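Visitor: Before we start, here is the structure in question, set down as structure tokens.
Residue numbers (our numbering): 49 to 357.
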């Protein structure tokens, strides 16, 4: 075989190897289509996060150039009892409020999935708080919690001989009262997500369980709950993020009081940044909040088995 023949065969083999496969072409098109969203996220999310991290190491009041402080802002936060109180209130709201709202939402979704009469009316009534402005919700609940004897709860309690309760004005009752409002406000969206997921479960699974003689309880825990696991993970993560971002409800209901009993981390950031103008310290609080949310998201993924989905 001549040298020219060998060279042509080698060149032909090299060209064949360089032809991208269908998977490679699909991957390149995927990267191309994802590029605009990636650039947008990097510009509008990644860049602010990076700037916030840098500012968290400075003393910045928006009027003068930032002054580098090192870890002083984080040391200040570590010794600030109000900051820990706010963080603790967020954890209490998440630990108490989220499981209760998920259980109620799942129960309502299962009930509505049975095809009862008046489903659409009941569904609308439950979902209505989610699309109502938080300010309007706060005004309604301020009347319900009114401590002067004109509030709905105190009127009801009065029929049973219970004296007027302070509710939002009481350091011991204010946080549970706020948690009740967050549960009531968040049930509608969770219920709709669960309902849509229930209607998407393959009915052949239930028919096979019926043939095997499974009871309704067994079908619920062996089929329904496992099939809803990805949805539960989604609801849990979004609920945690939403809980730690609660601001407008606190601002309109209690302003963080009384005695910081209802202050939360976002309200604390607002006060530090826009009332005290300590932007460096406020961004340090934001960075701590970001770390907490990342840790809780990873933890949620583990307890719901999200990595297997």
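Note that the Cβ used here is the ideal one computed from N, Cα and C, for glycine as well. Bear in mind the structure is a predicted one, so any value in this text is a computation, not a measurement.
Using 10 angstroms around the beta-carbon of residue 159, count the other beta-carbons present and answer buried if the total reaches 16, otherwise exposed.
Guide: As a position in the chain shown, residue 159 is number 111, starting the count at 1. Exposed: under 16 other Cβ atoms inside 10 Å.
Visitor: Whole angstroms is fine: what's the gap from residue 194's alpha carbon to residue 157's?
Guide: On the chain shown, position 146 is the one that residue 194 refers to. On the chain shown, position 109 is the one that residue 157 refers to. When the Cα atoms are used, residue 194 and residue 157 turn out to be separated by approximately 32 Å.
Visitor: Can you give the Cα-Cα distance for residue 270 and residue 184, rounded to whole angstroms?
Guide: Along the chain shown, read from residue 1 onward, the residue named residue 270 stands at position 222. Along the chain shown, read from residue 1 onward, the residue named residue 184 stands at position 136. Going from the Cα of residue 270 to the Cα of residue 184 covers about 41 Å.
Visitor: Would the segment 236-256 count as touching the segment 212-228 if we require 3 or more Cβ pairs under 8 Å?
Guide: no
Visitor: Under three-state DSSP, which class holds residue 124?
Guide: Taking the chain shown and counting its residues from 1, one reaches residue 124 at position 76. The answer is helix: DSSP assigns residue 124 an H, G or I state.
Visitor: Name the residue from 336, 69, 305 and 344 whose alpha carbon lies nearest to the alpha carbon of residue 123.
Guide: Translated into the one-based positions of the chain shown, residue 123 becomes position 75. Comparing Cα-Cα distances from residue 123 to each of 336, 69, 305 and 344, the minimum goes to 336.
Visitor: Which stretch, first to last residue, makes up the alpha helix (DSSP H) that contains residue 315?
Guide: As a working note, residue 315 is residue 267 in the chain shown. That run of the alpha helix (DSSP H) goes 313-322.
Visitor: Going by the CB atoms, is the gap between residue 334 and residue 346 shorter than 8 Å?
Guide: Position 298 of the chain shown, counting from 1, holds the residue named residue 346. Position 286 of the chain shown, counting from 1, holds the residue named residue 334. For residue 346 and residue 334, no; Cβs fall outside 8 Å.
Visitor: For residue 357, count neighbouring Cβ atoms within 10 angstroms of its own Cβ and tell me buried if that reaches 16, exposed if not.
Guide: Position 309 of the chain shown holds residue 357. Reliability fails at residue 357, whose pLDDT of 49 lies under 50, so the model's placement of it is uncertain and the value that follows must be treated cautiously. Flag for residue 357 reads exposed.
Visitor: With C-beta atoms as the reference, is residue 279 less than 8 Å away from residue 241?
Guide: Taking the chain shown and counting its residues from 1, one reaches residue 279 at position 231. Taking the chain shown and counting its residues from 1, one reaches residue 241 at position 193. It is a contact, given that the beta carbons lie within the stated cut-off.
Visitor: Does residue 357 come out as helix, strand or coil in the three-state DSSP assignment?
Guide: Indexing the chain shown from 1 puts residue 357 at position 309. Residue placement at residue 357 is flagged as unreliable, the pLDDT there being 49, under the threshold of 50; the coordinate-derived value follows with that caveat. Coil.
Visitor: How would you write the range of the alpha helix (DSSP H) that residue 350 sits in, first residue to last?
Guide: Counting from 1 along the chain shown, the entry for residue 350 is found at position 302. Here the alpha helix (DSSP H) through residue 350 covers 327-351.
Visitor: Count the CB pairs spanning the segment 296-310 and the segment 207-222 that are closer than 8 Å, and state whether there are at least three.
Guide: With the cut-off at 8 Å, the segment 296-310 and the segment 207-222 touch.
Visitor: Three or more C-beta pairs closer than 8 Å, one from the segment 324-331 and one from the segment 100-107: is that the case here?
Guide: Touching, yes, given that three or more Cβ pairs across the two stretches are closer than 8 Å.
Visitor: Compare the C-alpha of residue 297 against each of 131, 250, 173 and 180 and name the closest.
Guide: Working through the chain shown from its first residue, we reach residue 297 at position 249. Per the Cα distances, 180.
Visitor: Sort out for me which residues DSSP pairs residue 106 with in a bridge.
Guide: The residue you call residue 106 lines up with position 58 of the chain shown. In the DSSP output, where bridge partners are listed per residue, residue 106 has 116.
Visitor: Decide if the segment 288-295 is in contact with the segment 260-276; the criterion is three or more beta carbon pairs, one per stretch, under 8 Å apart.
Guide: no
Visitor: To the nearest angstrom, how far is the alpha carbon of residue 299 from that of residue 82?
Guide: Position 251 of the chain shown, counting from 1, holds the residue named residue 299. Position 34 of the chain shown, counting from 1, holds the residue named residue 82. Looking at the two C-alpha atoms, the distance is approximately 38 Å.
Visitor: Once DSSP output is grouped into helix, strand and coil, what is the label at residue 210?
Guide: Position 162 of the chain shown holds residue 210. In this structure, DSSP gives residue 210 a state outside helix and strand, which the three-state scheme calls coil.
Visitor: Between the C-alpha atoms of residue 325 and residue 218, what's the straight-line distance to the nearest angstrom?
Guide: Translated into the one-based positions of the chain shown, residue 325 becomes position 277. Translated into the one-based positions of the chain shown, residue 218 becomes position 170. Distance between the alpha carbons of residue 325 and residue 218: 30 Å.
Visitor: Run through the segment 190-269 for me and flag every whole alpha helix (DSSP H) of 4 or more residues, listed as ranges in chain order.
Guide: Here the runs fully enclosed are 200-207, 222-247, 251-259 and 264-267.
Visitor: Using the rule of at least 16 other Cβ atoms within 10 Å of the residue's Cβ for burial, across every protein chain shown, is residue 89 buried or exposed?
Guide: Position 41 of the chain shown, counted from the first residue, corresponds to residue 89. By the neighbour-count rule (16 or more Cβ atoms within 10 Å), residue 89 is not buried but exposed.
Visitor: According to DSSP, is residue 161 helix, strand or coil?
Guide: In the chain shown, counting from the first residue as 1, residue 161 sits at position 113. When DSSP states are grouped into helix, strand and coil, residue 161 belongs to the coil group.
Visitor: Count the other CB atoms, across all protein chains shown, that sit within 10 Å of the CB of residue 69; report buried if there are 16 or more and exposed otherwise.
Guide: Counted from its first residue, the chain shown places residue 69 at position 21. Classification of residue 69: exposed, given that the 10 Å Cβ count is below 16.
Visitor: Compute the distance between the beta-carbons of residue 348 and residue 288, then report whether it is under 8 Å.
Guide: As a position in the chain shown, residue 348 is number 300, starting the count at 1. As a position in the chain shown, residue 288 is number 240, starting the count at 1. Cβ distance < 8 Å, so residue 348 and residue 288 count as in contact.
Visitor: Please classify residue 93: is it buried, with 16 or more other beta-carbons within 10 angstroms of its beta-carbon, or exposed?
Guide: For this step, residue 93 is matched to residue 45 along the chain shown. Exposed is the call here.
Visitor: Going straight from the alpha carbon of residue 263 to that of residue 343, what length do you get?
Guide: One-based indexing of the chain shown puts residue 263 at position 215. One-based indexing of the chain shown puts residue 343 at position 295. Their backbone Cα atoms lie some 39 Å apart in a straight line.
Visitor: Using a threshold of 8 Å, state whether the C-beta atoms of residue 200 and residue 302 are closer than that.
Guide: Indexing the chain shown from 1 puts residue 200 at position 152. Indexing the chain shown from 1 puts residue 302 at position 254. No, these two residues do not count as a Cβ contact at 8 Å.
Visitor: Could you check where the alpha helix (DSSP H) with residue 92 kicks off and where it finishes?
Guide: In the chain shown, counting from the first residue as 1, residue 92 sits at position 44. For residue 92, there is no enclosing alpha helix (DSSP H), as DSSP gives it neither H nor E.
Visitor: Does the segment 117-132 come close enough to the segment 203-213 to have 3 or more Cβ pairs within less than 8 Å?
Guide: no
Visitor: If we count the other Cβ atoms within 10 Å of its Cβ and call it buried at 16 or more, is residue 234 buried or exposed?
Guide: Locating residue 234 in the chain shown gives position 186, where the first residue counts as 1. Flag for residue 234 reads buried.
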